[in-house]
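Going left to right, the sequence shown walks through residues -24 to -1, 1 to 375 as mature numbering (1 follows the signal peptide of the UniProt record, and there is no 0) numbers them.
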Amino acid sequence: MRNWFLISGLTSAILAVSAMPLYAAEKTMTSTTPHFAYVGTYNPNGEGVYRFKFDSKTGALSDKTLASQLPNQAQMVLSHDGKTLFIGSEIDNYNGGKHGAVAAYRIAPEDGNLTLINQVDSQGAGPVYLSLTPKGDHLLVANYISGVVAVFPVDASGKLSEASNSQQDSGPAGAGKPAAAAEGSFAISDHNGPHAHMVATDPSGKFVFSTDLGLDRIYQWKLNSESGVLEANDPPFIKASSEGAGPRHFVFHPNGKVVFLINEEASTLTSYRFDAAKGTLTELHSLSSLPAGFKGSNFAAGIVLSKDGKHLYVANRLHNSIAQINVTGEGAMTWSDETWTRGDYPRTLTLSPDGKYIYAMNQRSDNITRFKVSGENGKLSFVDDYVAVGSPSQMVIAP
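Right, here's the structure in full:
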């Protein structure tokens, strides 16, 4: 579910920050090295990308500084070496055209300041998700408004080249009402055409998956690592787990054999078996992200998986909770617990590099809340420390 009133009518320029790759190894943080967190936001409440000092011992955020002031710098990803921040500007009028933009920023190691390296056309409108290949030599971008996924070569300095390939989703729109949603749900949005919501590779980097909320599809691609071209796999896509489900984001289990995907409109989680030889998905199980007995509307959003691969956390918007789902490496899922976010409309969740804290980006209440993760059972406990940020969308943590 997008914020189009924030996107249209904005001038050109751009960009801001994104999440760590799903399976990239985090660097060990030391107490003597400065660490920084970057938060992307939506206008007008958010002014751009904010840099924070990050305390690796306590998880606290401090010293809020506006690092880049460009429109709707909401989506980002950090390079594997932590030296470059790639940011998507979720607009549809870059350079007077009808696309958004992506940019590369160099991170100053001493103070975390950002310096623009370059920016390029995102090849579609409204870039909402950025990810890197395992080698870090290609950036993948999902453009929500137009339903286009694109590939961009990245050189050793972090500079982006123009797109090596782009693919336009096409097909009949998905069902207008989510069949598997809770009773009384009016969680209906954007089933009016293609809307690419996420794109990322498998752990090997040979295969790519992209979700399309509007078409209720998960696309399956082969990635040519030399040319940076996406080729349709066989089959080229699979249907969502239920009519009108609205597939959004997904994560790979650490064993590389299972994928967990959140459906935005249905507020369901679906697990899939991954065939590493063919690069295809086979549906296993589905489970609601909401507690038993809930009735009404909810839009499921961001997901993170604990470092041990045992606990999946889901942001529920409108219900304003973080659901804890216990999972296995075989794709089994069990609803375990819910935690109030202490804010409104949690858009994404961020897991600290050591896995001890989870942060909720509460978009409508303009704050970030922090929760300690139990090492014994994965349960969350609120840390009474609110951070004020206008319309936060996403946070990444860098050394």
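Glycine is no exception: its CB is placed at the ideal position from the N, C-alpha and C atoms.
All values derive from a computational prediction rather than experimental measurement.
Contact between P110 and P223 fails: their C-beta atoms lie close to 23 Å from each other, not under 8 Å. When only Cα atoms are considered, F12 and D39 end up about 10 Å apart.
Per DSSP, reduced to three states, the secondary structure at Y18 is coil, with no helix or strand assignment. Within its own chain, the residues whose Cβ lies closer than 8 Å to the Cβ of I164, once the five positions on either side in sequence are excluded, are G152, K153, P154, G220 and E241, listed in chain order. Beta-bridge annotation (DSSP): K348 is paired with Y333 and S357. For a cut-off of 8 Å, the C-beta gap from G169 to A149 is around 6 Å, short enough to register as a contact.
Annotated as proximal: N296 and D320, with beta-carbon spacing under 7 Å. For the set N231, W197 and R193, the Cα lying nearest the Cα of K215 is the one of R193. By the Cβ neighbour-count rule, F162 is exposed, with fewer than 16 other Cβ atoms within 10 Å of its own. If you compare the alpha carbons of P375, A77, N48 and D313 with that of G24, the shortest gap goes to N48.
A contact is defined here as three or more CB-CB pairs under 8 Å, and the segment 16 to 30 meets this definition with respect to the segment 364 to 374. Of the candidates L199, Y14 and T256, L199 places its Cα closest to the Cα of P129. A84 is classed as exposed because its beta carbon has fewer than 16 other beta carbons within 10 Å across all chains shown.
Exposed is the label assigned to N71, since fewer than 16 other Cβ atoms lie within 10 Å of its Cβ. CA-CA distance, V349 to D330, rounds to 10 Å. Under the three-state reduction of DSSP, G112 is assigned to coil, being neither helix nor strand. Annotated as distal: S328 and L294, with beta-carbon spacing of 7 Å or more. Taking C-beta separations shorter than 8 Å and ignoring five residues to either side along the sequence, the partners of T9 in its chain run P375, following chain order. A distance of 7 Å or more separates the beta carbons of G58 and H114.
With a contact defined as Cβ atoms closer than 8 Å, V290 and A276 qualify at about 6 Å.
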